[in-house]
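Novice: If you scroll down you'll find the structure; I have some questions about it.
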């Protein structure tokens, strides 16, 4: 059992490193690509491409819901070591996505062009180009949707190396077409949309070839099972309920902030959301590596190992995010000034960003528990209870703003509500994993509180003694990073985890000699 657990941990670490490499490479490349595309297309055409693409992508939340169900069921049958059921489910999902794509084409091809020509504010001379962009964007959307079973198979089989390299190749191709269109005399907007659809088709073909050659059960067979279809619809429906509550909170918060404080506060919140999105990628990549293991251990009936994965991944993910977040909170002002310009920064923006980082640390604890519930397939009670709790956020926001609370307190309120929801999440999952509140507190919360106390105390003392002026923010950030990292390693890990880490580091040093 210990050997198996160690092997799984090594696989998670290896896969996480692949995904982090992919994230860093594609993030840098995508930022530069966006700059090139904006320069080549111009502001107007760039805006047209994004707004027309948004018409197509409004169905994306349905794709995301189906994607979650796809990932769960494929990984589950792989964990059960039932190749026949995996192949049947894979084939059934291909059929489902094909039907979904046909329905999407009918709806979007009827409504899309009409909406573009009648309701969008587009210069008359660019309407034709916008219509072309719509059709090519629809192709891209359909291809990306149809690729979900293949992407999910790569993750289920834990082929994160292939997943990472395909993602990197995709980012390189996007940059390539951005540069290439500057050398053509054809309408840049139309040719860009066309090439984007060709790239998506190329990526799909590459994934199909890899899955067919390397993954044993990723082969299509004729299959249609109404019981499985009903199960998929039920799972996706309750998952959709959870997604909709999130969307309602996000959009509702924007509307409430606008009503009480105006668009400047909305802009500050939008910047904070961008910061949160970047930070959140670190935990999402880690969980992408952990998720298959959680589902597979449940499918195999190894509840002890599943419980260990949930508890440990909660702790590890918090520590990883804390190491990034602590220095970021310290240097958020100079970073925002560098990114947006000093004249664009406001007190509200700084507060929003700092509190959003705190919220990310609270929210990161939710994901392993959610994965454990999704592994069971029985998500109705979980989604309803958690959804209803989080929906209290908007009414409470209105209440505190009526009392005169500043805008950024909404983020603190959201953190509090999500922490309360976390308690209910643990209660619901306790029957599955035999995790009670005392065990979760001892294994997860207590180490986290200890690390926070040590890191904050030492950082404050060092900063007070050595940081003599605001210009020393870089030194302050480095100190915060190192102290937080050492606190997590020395105070957050147990004896066995420290021994494994020392062995891993020593092994790497020996191999490099």
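Numbering (my numbering), first residue to last: 26 to 538.
Idealized CB from N, CA, C, for every residue including glycine.
In the stretch 485-516, which residue ranges form an unbroken alpha helix (DSSP H) of at least 4 residues, counting only runs that do not cross its ends?
Specialist: Residue ranges of uninterrupted alpha helix (DSSP H) with 4 or more members, entirely inside the stretch 485-516 and ordered along the chain, are 498-516.
Novice: Kindly give me the distance between the Cβ atoms of residue 321 and residue 103, rounded to whole angstroms, as I take these residues to be in contact under 8 Å.
Specialist: On the chain shown, residue 321 is found 296 positions in, with the first residue counted as 1. On the chain shown, residue 103 is found 78 positions in, with the first residue counted as 1. That belief holds up - the Cβ atoms of residue 321 and residue 103 are roughly 6 Å apart, short of 8 Å.
Novice: Across the stretch 89-106 and the stretch 216-234, are there enough close Cβ pairs to call them in contact, namely three or more that are closer than 8 Å?
Specialist: no
Novice: Would you kindly report the start and end of the unbroken alpha helix (DSSP H) that includes residue 298?
Specialist: Position 273 of the chain shown holds residue 298. Residues 288-324.
Novice: Under 7 Å Cβ to Cβ from residue 26, same chain only, skipping five residues before and after it: list those, please.
Specialist: Reading the chain shown from its first residue, position 1 is the one you call residue 26. Confidence is the limiting factor: at residue 26 the pLDDT is only 48, short of 50, which leaves the residue's position unreliable, though a coordinate-based value still follows. Excluding positions up to five away in sequence, the list is empty.
Novice: Let me know the alpha helix (DSSP H) ranges lying completely inside the stretch 350-392, each 4 residues or longer, listed in chain order.
Specialist: 372-388
Novice: DSSP three-state call for residue 461: helix, strand or coil?
Specialist: Numbered from its first residue, the chain shown carries residue 461 at position 436. Coil at residue 461, not helix or strand.
Novice: Rounded to whole angstroms, how far is the Cβ of residue 310 from the Cβ of residue 48, which I believe are closer than 8 Å?
Specialist: Residue mapping note: residue 310 aligns to position 285 of the chain shown, counting from 1. Residue mapping note: residue 48 aligns to position 23 of the chain shown, counting from 1. About 5 Å separates the two Cβ atoms, so the contact holds.
Novice: In this structure, how does DSSP classify residue 27 when only helix, strand and coil are distinguished?
Specialist: Working through the chain shown from its first residue, we reach residue 27 at position 2. In this prediction, residue 27 scores a pLDDT of 48, lower than 50, which makes its location untrustworthy; no coordinate-derived value is stated.
Novice: Using three-state DSSP, classify residue 148 as helix, strand or coil.
Specialist: Sequence index remark: in the chain shown, residue 148 carries index 123 (1-based). Residue state, collapsed to three classes: coil.
Novice: Can you list, in chain order, the residues of its chain with a C-beta nearer than 6 Å to that of residue 113? Leave out the 5 residues immediately preceding and following it.
Specialist: The count along the chain shown starts at 1 and reaches residue 113 at position 88. Closer than 6 Å at the Cβ level, and outside the excluded window around residue 113, lie 248.
Novice: Does the beta-carbon of residue 528 have 16 or more other beta-carbons within 10 angstroms, so that it is buried, or is it exposed?
Specialist: Reading the chain shown from its first residue, position 503 is the one you call residue 528. Exposed, because fewer than 16 other Cβ atoms sit within 10 Å of the Cβ of residue 528.
Novice: So does the stretch 471-481 actually touch the stretch 338-354, counting three or more Cβ pairs closer than 8 Å?
Specialist: yes
Novice: CA-CA distance, residue 367 and residue 293?
Specialist: If you number the chain shown from 1, residue 367 lands on position 342. If you number the chain shown from 1, residue 293 lands on position 268. Computed Cα separation, rounded: 14 Å.
Novice: Give the DSSP-derived three-state secondary structure of residue 245 in the structure shown.
Specialist: For the purposes of this step, residue 245 is identified with residue 220 of the chain shown, where counting begins at 1. It is coil, neither helix nor strand.
Novice: Residue 260: which of 78, 407, 524, 452 sits nearest, CA to CA?
Specialist: To locate residue 260, count along the chain shown from 1; it is residue 235. The candidate whose alpha carbon is nearest that of residue 260 is 407.
Novice: Let's see if you can read the secondary structure: which residues bound the alpha helix (DSSP H) around residue 232?
Specialist: Locating residue 232 in the chain shown gives position 207, counting from the first residue. Residue range 213-239 is occupied by the alpha helix (DSSP H) that includes residue 232.
Novice: Please go through the same chain and pick out, in chain order, the residues whose beta-carbon is closer than 6 Å to the beta-carbon of residue 285, but skip the five residues on each side of it.
Specialist: By one-based count along the chain shown, residue 285 stands at place 260. Cβ within range, chain order: 426.
Novice: Between 328, 174, 279, 307, which lies nearest to residue 296 when the distance is taken from Cα to Cα?
Specialist: Position 271 of the chain shown holds residue 296. The option with the nearest alpha carbon to residue 296 is 279.
Novice: Alpha carbons only, please: which of 505, 163, 282 is nearest the one belonging to residue 355?
Specialist: Numbered from 1 along the chain shown, position 330 holds the residue referred to as residue 355. That would be 505, whose Cα lies nearest to the Cα of residue 355.
Novice: Using a Cβ-Cβ cutoff of less than 7 Å, which residues in the same chain neighbour residue 263 once the five nearest sequence positions on both sides are dropped?
Specialist: Reading the chain shown from its first residue, position 238 is the one you call residue 263. Result list for residue 263: 404, 405, 408, in chain order.
Novice: Using the beta-carbon count (16 or more within 10 Å), is residue 245 buried or exposed?
Specialist: Your numbering for residue 245 matches position 220 in the chain shown. Exposed.
Novice: Leaving aside the five residues before and after residue 207 along the sequence, list all residues of the same chain whose C-beta is less than 7 Å from its C-beta, in chain order.
Specialist: Here residue 207 refers to the residue found at position 182 when the chain shown is read from its first residue. Sequence-distant Cβ neighbours of residue 207 in its own chain, meaning closer than 7 Å and more than five residues away, are 65.
Novice: My output table needs one value for residue 472: the three-state DSSP class, helix, strand or coil.
Specialist: By 1-based counting over the chain shown, the position of residue 472 is 447. The answer is helix: DSSP assigns residue 472 an H, G or I state.
Novice: Just list the alpha helix (DSSP H) runs in the stretch 54-142, keeping only unbroken ones of 4 residues or longer that don't cross its boundaries, in chain order.
Specialist: Qualifying alpha helix (DSSP H) stretches, in chain order: 85-104.
Novice: Look at the Cβ atom of residue 197, then the Cβ atom of residue 141, and state whether they are nearer than 8 Å.
Specialist: Here residue 197 corresponds to residue number 172 of the chain shown, with the count starting at 1. Here residue 141 corresponds to residue number 116 of the chain shown, with the count starting at 1. No, the pair does not count as a contact, with Cβ atoms beyond the cut-off.
Novice: Identify, in the order they occur along the chain, each residue of the same chain with its Cβ nearer than 7 Å to the Cβ of residue 423, setting aside the five sequence neighbours on each side.
Specialist: As a working note, residue 423 is residue 398 in the chain shown. If we look at residue 423 and ignore the five residues flanking it on each side, its Cβ neighbours are 281.
Novice: Measure the CB-CB distance between residue 21 and residue 118 and report whether it falls below 8 Å.
Specialist: The structure shown does not extend to residue 21, since the chain is modelled only from 26 through 538, so no value can be given for it.
Novice: On the three-pair Cβ rule with 8 Å, is the stretch 370-382 touching the stretch 510-522?
Specialist: no
Novice: Return the CA-CA distance between residue 54 and residue 192, expressed in angstroms with no decimal places.
Specialist: Along the chain shown, one-based indexing puts residue 54 at 29. Along the chain shown, one-based indexing puts residue 192 at 167. Taking the straight line joining both Cα atoms gives about 11 Å.
Novice: Let me make sure I understand the geometry here. Which of 201, 205, 171, 287 has the alpha-carbon closest to that of residue 233?
Specialist: Along the chain shown, read from residue 1 onward, the residue named residue 233 stands at position 208. For residue 233, the nearest C-alpha among the options comes from 171.
Novice: Rounded to whole angstroms, how far is the Cβ of residue 451 from the Cβ of residue 439, which I believe are closer than 8 Å?
Specialist: On the chain shown, position 426 is the one that residue 451 refers to. On the chain shown, position 414 is the one that residue 439 refers to. Actually they do not touch by this definition, with Cβ atoms about 19 Å apart.
Novice: Could you pull out every residue in the same chain whose Cβ sits closer than 6 Å to the Cβ of residue 523, ignoring the five residues on either side in sequence?
Specialist: In the chain shown, the residue the question calls residue 523 occupies position 498. When the five nearest sequence neighbours on each side are left out, no beta carbon in the same chain lies closer than 6 Å to the beta carbon of residue 523.
Novice: Would you mind sorting residue 330 into buried or exposed? The rule is 16 or more other CB atoms within 10 Å of its CB.
Specialist: Taking the first residue of the chain shown as position 1, residue 330 is located at position 305. Burial call: buried.
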